[in-house]
Amino acid sequence: MGHDIAGYNKEGKEIAYARFSMGNSNARIIYNVLDATKYDAGVSGSGAVATYTVEQMERALNNFKELCKRGILLSDIDSLPWDQKQIYDFIINCRSIAQKEGNVRVCFA
Numbered sequence: 003m004g005h006d007i008a009g010y011n012k013e014g015k016e017i018a019y020a021r022f023s024m025g026n027s028n029a030r031i032i033y034n035v036l037d038a039t040k041y042d043a044g045v046s047g048s049g050a051v052a053t054y055t056v057e058q059m060e061r062a063l064n065n066f067k068e069l070c071k072r073g074i075l076l077s078d079i080d081s082l083p084w085d086q087k088q089i090y091d092f093i094i095n096c097r098s099i100a101q102k103e104g105n106v107r108v109c110f111a
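This is how it looks when you write it as structure tokens:
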């Protein structure tokens, strides 16, 4: 069991991926910054798919940066631990697709 969270473009191509074991507390960070706690089924994602707009992905990035500012995460993006860096990269990649296509789909498995 684990959290496999993937972002997809309009063609259905995977453009972002983040993986966390079922006991990894960093999984909660990605659910929180994406405002997706309802898709967290505890030991894995719920299997739901959500569509995010550019504005929602910008909000997720701002939420992530706020955690850095508050000292919950390291403030230097280049020095983030691996799990937190994958969250940052996931958000950046999804935001990029949303900017190009208007939205991005995220699957929480």
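Taken in order, the sequence shown gives residues 3 to 111; the numbers are from the numbering used here. Beta carbons are placed, not taken as given, at the ideal position from N, Cα and C, and that holds for glycine. Remember, it's a predicted structure, so these values are computed and weren't measured experimentally.
- [ ] Select from 55, 53, 108 and 36 the residue whose C-alpha is nearest the C-alpha of residue 65.
- [x] 36
TODO: Tell me, please, which residues DSSP counts as bridged to residue 56.
DONE: For residue 56, which the question treats as bridged, DSSP gives no partner whatsoever.
Open item on the list: What does the alpha-carbon distance come out to for the pair residue 58 and residue 99?
Closed with: 12 Å
- [ ] Please go through the same chain and pick out, in chain order, the residues whose beta-carbon is closer than 6 Å to the beta-carbon of residue 55, but skip the five residues on each side of it.
- [x] 105
Open item on the list: Do residue 95 and residue 8 count as a contact pair if the criterion is CB distance below 8 Å?
Closed with: no
Task: residue 26 (DSSP reduced to helix, strand or coil) - done: coil
Open item on the list: Here's the rule I'm using: 16 or more other beta-carbon atoms within 10 Å means buried, otherwise exposed. How should residue 101 be labelled?
Closed with: exposed
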